[in-house]
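K.L.:
Residue numbers (my numbering): 5 to 106. No residue lacks a Cβ here, since even glycine has one placed at the ideal position from N, Cα and C. This is the structure I want to talk about, given as structure tokens.
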């Protein structure tokens, strides 16, 4: 599984996304990058974001996204499951952004 880890900009790790086609991967990277940029604008304690995609058993289209944000040395975890990958990623990252505003 180690070879499945993609690193973006040193502070972002994506795992389980190797099955995406090139176009979807470009969209995903831009989406994640934009959310992380907003997070760093809101809170300077941003250290790292790790996201993992898992296919839900019994469904070939349903995906689970697990995200862990390290903020000032403390982990914040979020998880979402849905049929649309981009919608699920957006919900997870938006949830993390909302946590930063608290």
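(1) Let's see if you can read the secondary structure: which residues bound the beta strand (DSSP E) around residue 81?
(2) Let's test the definition: count the other Cβ atoms within 10 Å of the Cβ of residue 71 and tell me whether it reaches 16, buried, or not, exposed.
(3) How would you call residue 57, buried or exposed, if buried means at least 16 neighbouring beta carbons within 10 angstroms?
(4) Do you know how far the Cα of residue 11 is from the Cα of residue 51?
(5) Which class does residue 106 belong to by DSSP, given the choice of helix, strand or coil?
(6) Is DSSP giving residue 59 helix, strand or coil here?
(7) If I measure Cβ to Cβ from residue 60 and keep anything under 7 Å in the same chain, skipping five residues before and after, which residues do I get?
(8) Would residue 96 pass as a contact of residue 35 if the rule is Cβ separation under 8 Å?
P.N.:
Let me lay it out:
(1) For residue 81, the enclosing beta strand (DSSP E) begins and ends at 78 to 86.
(2) It is buried - the Cβ of residue 71 has at least 16 other Cβ atoms within 10 Å.
(3) With 16 or more other Cβ atoms from the protein chains shown falling within 10 Å of its own Cβ, residue 57 counts as buried.
(4) Near 14 Å, if we compare the C-alpha coordinates of residue 11 and residue 51.
(5) In the structure shown, residue 106 sits in coil (DSSP, three-state: anything other than H, G, I, E or B).
(6) DSSP places residue 59 in strand when its eight states are reduced to three.
(7) Result list for residue 60: 66, 67, 68, 85, in chain order.
(8) By the CB criterion at 8 Å, residue 96 and residue 35 fall outside the cutoff.
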